[in-house]
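Residue numbers (the UniProt record's numbering): 1 to 182.
Here a beta-carbon is modelled for each residue, glycine too, at the ideal position from N, C-alpha and C.
Laid out in structure tokens, this is it:
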């Protein structure tokens, strides 16, 4: 059985899965949790019978955005399952051919930045937008093959060092410096 408590302008509801909320349509939801499968099935079933998403939303007391998202996913994939929560994309390893090409580019032009190498891999057709390594991956490859820091990391270190020096110069006018003479 659900118990209710008023929290400001929103209603809090205890459910077997934890603290829930009541949406504007009067439906109970738990923030961050997927909609139960039986409701997902009902959404797809109603849409299959020609009922418009806005009507499904009102009847099932589920937000219009949620109904649209479920129907869109069903149309694209044939699945009503919720998407994964959190996590990161699977790591896409760089092929040995791409690594060799990165080494070639760097030998031909030692001053070349990682982002320039990335652009050249795309321009030369070695990689496409889906499999081109990230700038950080290219930097990591260059560090492992050539050792030490890449040029852009040295540049970033120099910029950071200058910013710290500028801050030190400005810090001469601190409260301690003004009040310390008393």
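Let me know the secondary structure DSSP gives residue i once reduced to three states.
| i | result |
| --- | --- |
| residue 20 | strand |
| residue 28 | strand |
| residue 118 | helix |
| residue 94 | coil |
| residue 135 | helix |
| residue 41 | helix |
| residue 9 | Because residue 9 carries a pLDDT of 43, less than 50, the predicted location of this residue cannot be relied on, and no value is offered for it. |
| residue 126 | coil |
| residue 49 | coil |
| residue 144 | helix |
| residue 65 | helix |
| residue 56 | helix |
| residue 107 | helix |
| residue 33 | coil |
| residue 81 | coil |
Using a threshold of 7 Å, state whether the C-beta atoms of residue i and residue j are closer than that.
| i | j | result |
| --- | --- | --- |
| residue 98 | residue 118 | no |
| residue 53 | residue 63 | no |
| residue 61 | residue 20 | no |
So, under 8 Å CB-CB, residue i and residue j are touching, yes? Tell me the CB distance rounded to an integer number of Å.
| i | j | result |
| --- | --- | --- |
| residue 94 | residue 139 | That pair is no contact at about 12 Å. |
| residue 102 | residue 141 | 5 Å |
Straight-line CA distance for residue i to residue j?
| i | j | result |
| --- | --- | --- |
| residue 58 | residue 130 | 40 Å |
| residue 96 | residue 83 | 33 Å |
| residue 42 | residue 24 | 20 Å |
| residue 112 | residue 143 | 13 Å |
| residue 114 | residue 146 | 13 Å |
| residue 125 | residue 70 | 37 Å |
| residue 122 | residue 132 | 7 Å |
| residue 77 | residue 45 | 16 Å |
| residue 36 | residue 49 | 21 Å |
| residue 40 | residue 127 | 39 Å |
| residue 151 | residue 33 | Because the pLDDT at residue 151 is just 49, under 50, the model does not fix this residue reliably, and the value given afterwards should be weighed accordingly. Distance between the alpha carbons of residue 151 and residue 33 is about 45 Å. |
| residue 73 | residue 108 | 47 Å |
| residue 22 | residue 38 | 19 Å |
| residue 105 | residue 56 | 57 Å |
| residue 65 | residue 100 | 47 Å |
| residue 120 | residue 75 | 38 Å |
| residue 183 | residue 110 | The structure shown does not extend to residue 183, since the chain is modelled only from 1 to 182, so the question has no answer here. |
| residue 47 | residue 31 | 25 Å |
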